[in-house]
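Number 27 in numbering that gives the first Met the number 0 belongs to position 28 of the sequence shown; there are no gaps in the numbering.
Ideal Cβ placement from N, Cα and C applies to all residues, glycine included.
Just so we're clear, the structure is a prediction, and the values are computed from it rather than from any experiment.
Here the structure is laid out as C-alpha cells; the discussion comes afterwards.
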Amino acid sequence: MLKVKPLEKVLEEHPEFKAQWNSNPNGGMKNPRFGSVDHVVVCREDETPIFDQYSITEQPGAVIVPWDDYAGMIRVGLITQERFIPGKIYIQAPMGFARANETELKASYRELLEETGLSADELVVLGRINPDTAFFRTDFPILGARFDKLEEIANPGGDGFIEKITKVSPYRFSDIRKLQEKGSLECGITSAALFLFGMYKPEFYKT
0 MLKVKPLEKV LEEHPEFKAQ WNSNPNGGMK NPRFGSVDHV VVCREDETPI
50 FDQYSITEQP GAVIVPWDDY AGMIRVGLIT QERFIPGKIY IQAPMGFARA
100 NETELKASYR ELLEETGLSA DELVVLGRIN PDTAFFRTDF PILGARFDKL
150 EEIANPGGDG FIEKITKVSP YRFSDIRKLQ EKGSLECGIT SAALFLFGMY
200 KPEFYKT
C-alpha cells in the first residue's frame, strides 16, 4: 500500500524533492498535469462579498465503460484498484486525465488500453458529469466501448506502481447490486457512469 505524507515532513526528510503543485497569488495551487485549485469569493450582484471557498479546475479527462452482450447478458467491465489518498481498494470504471495536447477522445482510447488491456474500435458518448457542482468548474465525458466478450484480466498493464490495478472483471447488473449492498461500490463517478450506461442500455437492468 502506498503511503501519503505531509509535504513539510517529506521536505524535511528529502530536501531534494521538488513539489509539482505550486502556489498561486490568490491562495490556490496549480499543477499542469492535474489542474488548479483557486481561492475565490462568491459575491452579490453589486459585487459585495458573501463567502469564500475553493474552486477546482481539472485537466480534461474521461471515464470509459467497457461492455459486452454475451449470451444475452449485458455486462460492464470494472477495474479493481488501490487509491492511495483514501488508502483503500475500489471497484470502479476505467478513467484518467488527458496528457498535454491530447483530446478527451484520444485520452479515452489510451486510458482504456492502459488500465484494462482492451483496445476499442469505437467509443460512444453516454453523457457528461461534474463530480461536485459546488466546487468543480469542469465536467468530463462518460463513454461506452462495446466488445464481443469481456473476460477477467489479471495484471492488465499500465503503471502498476502508481495505479495498482490488479484486475478487470465483467459484472452483470445483479453483480453491481451485490457490490452496492456490500458497500463495495463507493466511487461516485463510477456510480454516475453506470447510471448513464443504464440509460443508454436499459436491458442492462435485466441481467
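Item	Value
Distance, valine 3 Cα to leucine 10 Cα	13 Å
Beta-carbon spacing of valine 64, glycine 143 below 7 Å	yes
Contacting residues, own chain, Cβ-Cβ under 7 Å from glycine 197 (five flanking each side not counted)	Phe203, Tyr204
Inter-residue Cα distance where the pair is phenylalanine 135 and threonine 206	34 Å
Local conformation of isoleucine 55 per DSSP, three classes	strand
Where arginine 171 sits in the DSSP three-state scheme	coil
Distance, glycine 71 Cα to proline 31 Cα	45 Å
Test item: CB-CB of glutamine 58 and phenylalanine 96 under 7 Å	yes
Candidates Asp138, Ile152, Pro48, Pro5: closest to leucine 77 by CA position	Ile152
Glutamate 81, DSSP secondary structure in three states	strand
Where serine 183 falls: helix, strand or coil (DSSP)	coil
Given 8 Å, three or more beta-carbon pairs between the stretch 95-115 and the stretch 48-62	yes
Within 7 Å, strictly: CB atoms of proline 93 and glutamate 81	no
Rounded distance between the beta-carbons of aspartate 67 and arginine 171, thought under 8 Å	At roughly 11 Å, the Cβ-Cβ gap does not stay under 8 Å, so arginine 171 and aspartate 67 are not in contact.
Contact under 7 Å by Cβ, threonine 47 with threonine 137	no
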